[in-house]
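Visitor:
Chains as they are written, first to last, in the UniProt record's numbering: chain A, 1 to 200; chain B, 1 to 228.
Given below as structure tokens:
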């Protein structure tokens with residue numbers, strides 16, 4: 001099983017919680033804005049501490065309040081693609097991609113898959129939204145993660161960029177074959193990208 | 001430039017440089033606490049840091065004098081551990097200048113730390129960087145222009161320091177007589193106007209240069225923080 005998640009957290013007055021199991025391949029977490037989908041990703045990545053519950057990914061326990069397990073984010077081997085690209089503004093695209101890289105030799109392959117090879121010597125501020133997003137996906141992949149989390153990877157892109165990014169994610173899904181959890185509010189996107197769909 | 005002038009300028013740069021370098025780590029730590037820390041008494045710490053900005057400098061100098069006097073708490077410790085004193089020495093002038101520059105440096109550095117998007121630090125953590133690597137490779141480089149701008153501002157402030165210095169370490173030519181103190185001494189001396197003009201011109205030029213460098217660095221920070 002890829003994802004075994006059961007978490008709740010209090011944020012202000014709202015209590016955000018979800019529980020699901022997902023098999024191999026890509027899983028889409030779909031639900032309206034404000035349902036707490038991003039918080040769920042942050043809890044799986046270790047950036048937000050759940051009040052209770054557990055997070056197990058690919059057989060490894062990352063968080064379990066009963067067993068007092070809380071693996072630090074840098075040790076979770078997560079490939080996180082945030083809703084905003086979050087590229088480091090003071091580093092070139094190449095250095096962004098290699099920031100967490102365990103194997104720099106994988107750069108050409110991943111750059112080719114995501115069609116970002118021509119961007120390597122540019123600065124993040126000169127990239128378009130779609131380019132920046134593909135670089136962010138590449139950066140996550142190069143850290144050789146055990147699993148991928150993608151937060152609204154297709155939002156606020158125009159139609160052409162949207163299609164470009166969708167194809168990039170499909171290629172990653174079909175070629176890299178990592179357990180993948182994608183958050184979206186768009187059910188059309190969910191149908192296209194998800195082999196399993198979980199509603200929140 | 002004659003010898004007297006050269007001595008004064010050299011001493012001022014030494015005092016300003018040492019004051020800035022010595023205060024910078026303290027200012028950074030305080031700025032970090034004030035920008036990121038959550039603890040009781042934060043407002044009090046903020047107030048204490050800003051005190052030298054609003055208290056009459058003479059009072060600051062007098063408090064330093066009491067603290068570093070041979071029988072004072074810091075003066076006694078310095079004598080016991082290092083067999084030295086800072087009274088009437090250039091080191092004392094540097095301490096006075098550093099304390100007076102501290103609030104300005106903390107303000108500039110704090111702003112630069114607050115301007116850093118913490119989501120970038122989260123991204124670094126998911127890429128395998130621990131807290132220290134994240135600090136060294138993301139936070140510090142992004143804050144650096146602001147830190148340097150704060151340092152230049154502190155340096156400019158140190159060059160102009162008068163009240164606390166003259167109260168604390170007096171006006172000893174060649175030891176504690178920095179530019180403002182030398183101007184003051186020259187004004188008291190019949191026929192000192194020519195020297196005053198020269199010293200004043202040097203003061204203005206040095207301060208202006210430091211401020212311009214500070215402003216350029218601050219602008220650079222603005223550009224760097226353009227985050228997607």
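Ideal placement from N, C-alpha and C gives every residue a C-beta, glycine not left out.
Any beta carbon of chain A sitting closer than 7 Å to that of residue 217 of chain B?
Guide: no
Visitor: Does the Cβ-Cβ distance between residue 156 of chain B and residue 211 of chain B come in under 7 Å?
Guide: yes
Visitor: Given this structure, state the Cα-to-Cα distance separating residue 220 of chain B from residue 98 of chain B, to the nearest angstrom.
Guide: 25 Å
Visitor: What do you reckon, are the CB atoms on residue 3 of chain A and residue 22 of chain A nearer than 7 Å?
Guide: yes
Visitor: Relative to the C-alpha of residue 34 of chain A, which residue among A:74, A:27, A:13 is closest?
Guide: Closest by alpha carbon: A:13.
Visitor: In whole angstroms, what separates the C-alpha of residue 129 of chain A from that of residue 18 of chain B?
Guide: 46 Å
Visitor: For residue 6 of chain A and residue 15 of chain A, I'd like the C-alpha separation in whole angstroms.
Guide: 13 Å
Visitor: Which residues bound the alpha helix (DSSP H) around residue 54 of chain A?
Guide: Taken as a continuous stretch (DSSP letters only), residue 54 of chain A belongs to no alpha helix (DSSP H), being part of the beta strand (DSSP E) at 52-57.
Visitor: List the residues of chain B that residue 47 of chain A touches, going by C-beta distances under 9 Å, in chain order.
Guide: 122, 125, 126
Visitor: Shorter than 7 Å from the beta carbon of residue 228 of chain B to some beta carbon of chain A?
Guide: Its pLDDT being 46, under 50, residue 228 of chain B is placed unreliably by the model, and the measurement read from it follows with that caveat. Closer than 7 Å: yes.
Visitor: Can you tell me which of the three DSSP states residue 228 of chain B falls into?
Guide: In this predicted model, residue 228 of chain B has a pLDDT of only 46, less than 50, meaning its place in the structure is not dependable; the value taken from the coordinates is given anyway. Coil, per DSSP.
Visitor: Just the chain A side, please: which residues come within less than 7 Å of residue 138 of chain B by C-beta, in chain order?
Guide: 88
Visitor: Could you check how far apart the C-beta atoms of residue 15 of chain B and residue 94 of chain B are, in whole angstroms? I think they sit under 8 Å.
Guide: 5 Å
Visitor: Indicate the three-state DSSP secondary structure (helix, strand or coil) for residue 195 of chain A in the structure shown.
Guide: Residue 195 of chain A sits in coil when the DSSP states are folded into three classes, being neither helix nor strand.
Visitor: Quick one: measure Cβ to Cβ for residue 151 of chain A and residue 183 of chain A, integer angstroms, because I've assumed they're closer than 8 Å.
Guide: 5 Å
Visitor: Within 7 Å (strictly less), CB to CB, does residue 141 of chain B reach chain A?
Guide: yes
Visitor: Along the chain, where does the beta strand (DSSP E) that runs through residue 16 of chain A open and close?
Guide: 14-22
Visitor: In this structure, how does DSSP classify residue 200 of chain A when only helix, strand and coil are distinguished?
Guide: coil
Visitor: Among all the DSSP beta bridges, which residues are the ones paired with residue 8 of chain A?
Guide: A:17, A:52
Visitor: Whole angstroms are fine: how far does the CA of residue 62 of chain A sit from the CA of residue 76 of chain A?
Guide: 7 Å
Visitor: Output yes if chain B places a C-beta closer than 7 Å to the C-beta of residue 74 of chain A; else output no.
Guide: yes
Visitor: Opposite residue 28 of chain A in the DSSP bridges: which residues?
Guide: BP columns for residue 28 of chain A point to A:182, A:197.
Visitor: Using 7 Å as the threshold, is the C-beta distance between residue 49 of chain B and residue 30 of chain B below it?
Guide: yes
Visitor: Using the beta-carbon count (16 or more within 10 Å), is residue 201 of chain A buried or exposed?
Guide: Here chain A covers residues 1 to 200 and nothing more, so residue 201 of chain A does not appear.
Visitor: Taking the CB atoms as reference points, tell me whether residue 30 of chain A and residue 44 of chain A lie closer together than 7 Å.
Guide: no
Visitor: Give me the Cα-Cα distance between residue 209 of chain B and residue 203 of chain B, rounded to the nearest whole angstrom.
Guide: Distance between the alpha carbons of residue 209 of chain B and residue 203 of chain B: 10 Å.
Visitor: Just list the residues that DSSP pairs residue 77 of chain A with in beta bridges.
Guide: In DSSP, residue 77 of chain A forms no bridge with anything.
Visitor: The alpha helix (DSSP H) that contains residue 3 of chain B, what's its start and end?
Guide: 3-36
Visitor: Assuming the contact rule is C-beta atoms closer than 8 Å, residue 158 of chain B and residue 20 of chain B should be a hit. Round their C-beta distance to whole Å, please.
Guide: About 6 Å separates the two Cβ atoms, so the contact holds.
Visitor: When you compare each of A:174, A:122, A:186 to residue 94 of chain A by their alpha carbons, which one comes out closest?
Guide: Nearest in C-alpha terms to residue 94 of chain A, of all of A:174, A:122, A:186, is A:122.
Visitor: Measure the alpha-carbon distance for residue 23 of chain B versus residue 216 of chain B and round it to whole angstroms.
Guide: 22 Å
Visitor: Among the residues of its own chain, which have a CB less than 7 Å from the CB of residue 228 of chain B, if the five just before and after it don't count?
Guide: Here residue 228 of chain B scores only 46 on pLDDT, less than 50, and its place in the model should not be relied on; the value that follows carries that caveat. Counting only residues of its own chain and dropping the five nearest sequence neighbours on each side, residue 228 of chain B has no CB closer than 7 Å to any other CB.
Visitor: Need the endpoints of the beta strand (DSSP E) that residue 60 of chain A sits in, please.
Guide: 60-64
Visitor: Classify residue 49 of chain A as buried or exposed, calling it buried when 16 or more other Cβ atoms lie within 10 Å of its own Cβ.
Guide: exposed
Visitor: Taking the continuous beta strand (DSSP E) assigned at residue 88 of chain B, which residues delimit it?
Guide: Segment: none, residue 88 of chain B is in no beta strand (DSSP E) and carries neither H nor E.
Visitor: How is the alpha helix (DSSP H) around residue 158 of chain A delimited, first residue to last?
Guide: Looking at the DSSP string, residue 158 of chain A is not in any alpha helix (DSSP H), and its letter there is neither H nor E.
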